[in-house]
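S.K.:
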Ligand code: SF4
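In this note's numbering, the protein residues as written are 135 to 504.
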């Protein structure tokens with residue numbers, strides 16, 4: 135049993151069956167989630183209990199590889215969760231905030247043509263605990279960020295591997311787990327869910343987690359091109375996606391974001407910019423342009439700086455609020471799924487090392503882009 139899959143009441147039940155008093159569960163839960171430490175550092179617990187926890191309730195998060203970029207302000211980790219699922223998570227420190235980008239699935243069934251994760255197909259869904267475990271890793275890793283950035287994790291974005299709304303039950307469960315004041319305590323206002331446009335999920339997100347932010351990965355503004363770049367468009371065409379996002383905006387009174395990976399010769403022309411401007415204006419959305427990372431084996435290439443400037447110019451001339459996302463960690467294969475792709479094909483040259491071995495703040499046993 136992976137302790138990271140247990141809620142506080144469930145942990146209380148297990149420890150109660152061991153004859154432990156009720157307050158022990160709160161201590162262990164706070165150590166695991168709020169402090170993000172291993173059992174060895176929970177010195178408020180008796181040694182015998184720490185040993186039994188490590189033996190019978192391991193917190194199964196193994197750091198298989200970790201790569202640093204941007205002077206240490208970007209940390210990308212390949213994590214094995216629950217002894218089975220291997221996923222990526224990326225920690226990004228900015229001058230004013232620290233964001234972690236988490237995965238919701240292993241691989242992805244959506245098959246977007248320009249995405250390394252999409253080339254893997256779907257290998258499995260993560261549980262709510264496994265998603266939250268990436269945030270726990272990030273809380274610990276944030277303590278090692280350089281002093282150019284805060285060392286406290288503040289934001290969570292579901293923009294890693296997988297389509298979060300295709301694993302809706304566990305994504306919603308993870309948002310609850312991440313916000314639990316007895317645990318990580320990062321409220322839904324600081325969480326953003328990114329989707330390619332899973333229409334029923336967008337509507338349910340508005341109802342179940344109205345505080346959470348929404349980013350829609352559009353990448354194309356007409357159905358013909360989008361059918362090719364983002365195959366789920368054949369099921370939920372642009373008109374339906376736009377209606378669902380409008381519903382979400384009206385329900386939550388929050389501004390949605392539109393994500394757009396700039397692919398040379400595909401979606402970076404003035405016509406697409408003009409069509410995108412229309413969608414963004416109708417939705418009163420902010421547009422994030424993403425300089426895509428080239429992916430091994432894919433013909434898709436990043437747009438040129440000149441074309442990026444031209445595209446931005448069209449959007450601005452139409453009064454659209456637009457930013458160009460910085461290319462965090464490009465030198466560490468930062469595109470979603472690239473590290474995992476490399477791992478699956480070749481394995482990593484580094485030996486697998488546990489969190490404790492890599493992070494001195496976790497001394498015991500087991501164990502963005504706002
Ligand atoms: S872009 Fe997102 S939804 Fe599309 S294949 Fe990649 S991970 Fe899946």
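Think of the CB as a built atom: it goes at the ideal place given N, C-alpha and C, for glycine as much as any other residue. Here the structure is a predicted model, which means the values were calculated and not measured.
Does DSSP classify residue 154 as helix, strand or coil?
M.R.: For this step, residue 154 is matched to residue 20 along the chain shown. The answer is coil: DSSP assigns residue 154 none of H, G, I, E or B.
S.K.: On a Cα-Cα basis, can you pick out the residue from 358, 397, 297 and 365 that is closest to residue 348?
M.R.: One-based indexing of the chain shown puts residue 348 at position 214. Residue 297 is the option with its Cα nearest to residue 348.
S.K.: To which residues of the same chain is residue 428 closer than 7 Å at the C-beta, ignoring the five residues directly before and after it?
M.R.: Counting from one through the chain shown, the residue named residue 428 turns up at place 294. Counting only Cβ-Cβ distances below 7 Å, and skipping sequence neighbours, we find 435 and 436.
S.K.: Counting beta carbon pairs with one atom in the segment 171-184 and one in the segment 234-253, are three or more of them shorter than 8 Å?
M.R.: No, the segment 234-253 is not in contact with the segment 171-184.
S.K.: Go to residue 211, then tell me how far its beta strand (DSSP E) extends in each direction, as first and last residue.
M.R.: Mapped onto the chain shown, residue 211 falls at position 77. Counting along the chain, the beta strand (DSSP E) containing residue 211 begins and ends at 208-215.
S.K.: Residue 424 to residue 404, Cα distance in whole Å?
M.R.: Stepping through the chain shown from its first residue, residue 424 is reached at position 290. Stepping through the chain shown from its first residue, residue 404 is reached at position 270. If I take the Cα positions, the gap works out to 16 Å.
S.K.: CA-CA distance, residue 370 and residue 315?
M.R.: Locating residue 370 in the chain shown gives position 236, counting from the first residue. Locating residue 315 in the chain shown gives position 181, counting from the first residue. Going from the Cα of residue 370 to the Cα of residue 315 covers about 36 Å.
S.K.: Assess contact between the segment 261-273 and the segment 135-155, defined as three or more Cβ pairs (one per stretch) separated by less than 8 Å. Is contact present?
M.R.: With the cut-off at 8 Å, the segment 261-273 and the segment 135-155 touch.
S.K.: Starting from the N-terminal end, write out each residue whose C-beta falls within a distance shorter than 5 Å of any non-hydrogen atom of the ligand SF4.
M.R.: In chain order, the qualifying residues are 242, 244, 246, 249, 251, 252, 297 and 330.
S.K.: Grouping DSSP H, G and I as helix and E and B as strand, with all else coil, what is residue 141?
M.R.: Taking the first residue of the chain shown as position 1, residue 141 is located at position 7. Residue 141: coil per DSSP, three-state reduction.
S.K.: In terms of alpha-carbon separation, which member of 408, 277 and 198 lies closest to residue 231?
M.R.: By 1-based counting over the chain shown, the position of residue 231 is 97. The candidate whose alpha carbon is nearest that of residue 231 is 277.
S.K.: Which two residues bound the contiguous beta strand (DSSP E) that contains residue 292?
M.R.: Stepping through the chain shown from its first residue, residue 292 is reached at position 158. Note, residue 292: beta strand (DSSP E), 289-292.
S.K.: Just to confirm before moving on: does the CB-CB distance between residue 203 and residue 279 stay below 8 Å?
M.R.: Counting from one through the chain shown, the residue named residue 203 turns up at place 69. Counting from one through the chain shown, the residue named residue 279 turns up at place 145. No, these two residues do not count as a Cβ contact at 8 Å.
S.K.: Please say whether residue 194 and residue 215 have beta carbons closer to each other than 8 Å?
M.R.: In the chain shown, residue 215 corresponds to position 81, counting from 1. In the chain shown, residue 194 corresponds to position 60, counting from 1. Yes, Cβ-Cβ distance for residue 215 and residue 194 is below 8 Å.
S.K.: Assuming residue 292 and residue 305 make a contact with CB atoms under 8 Å, what is their CB distance in whole Å?
M.R.: The residue labelled residue 292 in the question sits at position 158 within the chain shown. The residue labelled residue 305 in the question sits at position 171 within the chain shown. With a Cβ gap of about 7 Å, residue 292 and residue 305 count as contacting.
S.K.: Closest by CA to residue 218, which one among 236, 259 and 399?
M.R.: Residue 218 sits at position 84 when you count from the first residue of the chain shown. Of 236, 259 and 399, the residue nearest in Cα terms is 259.
S.K.: Taking DSSP as the reference, what is the three-state secondary structure of residue 400?
M.R.: By one-based count along the chain shown, residue 400 stands at place 266. DSSP places residue 400 in coil when its eight states are reduced to three.
S.K.: Less than 7 Å between C-beta atoms, sequence neighbours within five positions excluded: which residues of the same chain meet that for residue 402?
M.R.: Residue 402 sits at position 268 when you count from the first residue of the chain shown. Answer for residue 402: 396, 437, 441 and 445, listed in chain order.
S.K.: Of the choices 287, 394 and 253, whose alpha-carbon is the least far from that of residue 236?
M.R.: As a working note, residue 236 is residue 102 in the chain shown. Residue 287 is the option with its Cα nearest to residue 236.
S.K.: Please go through the segment 341-420 and give each complete alpha helix (DSSP H) segment of 4 or more residues, from N-terminal end onward.
M.R.: You should have 357-363, 372-386 and 404-417.
S.K.: What's the call for residue 394, buried or exposed, on a 16-neighbour Cβ count within 10 Å?
M.R.: Residue numbering aside, residue 394 sits at position 260 when the chain shown is read from its first letter. With 16 or more other Cβ atoms within 10 Å, it is buried.
S.K.: So, at 6 Å on beta carbons, what are the nonlocal neighbours of residue 257 in its own chain, with the 5 sequence-adjacent residues on each side left out?
M.R.: The residue given as residue 257 occupies position 123 in the chain shown. Contacts found: 240 and 241.
S.K.: Sort out for me which residues DSSP pairs residue 328 with in a bridge.
M.R.: In the chain shown, residue 328 corresponds to position 194, counting from 1. Partner(s): 349.
S.K.: What are the partner residues of residue 519, as DSSP defines its beta bridges?
M.R.: Nothing can be reported for residue 519, as the shown portion of the chain is limited to 135 through 504.
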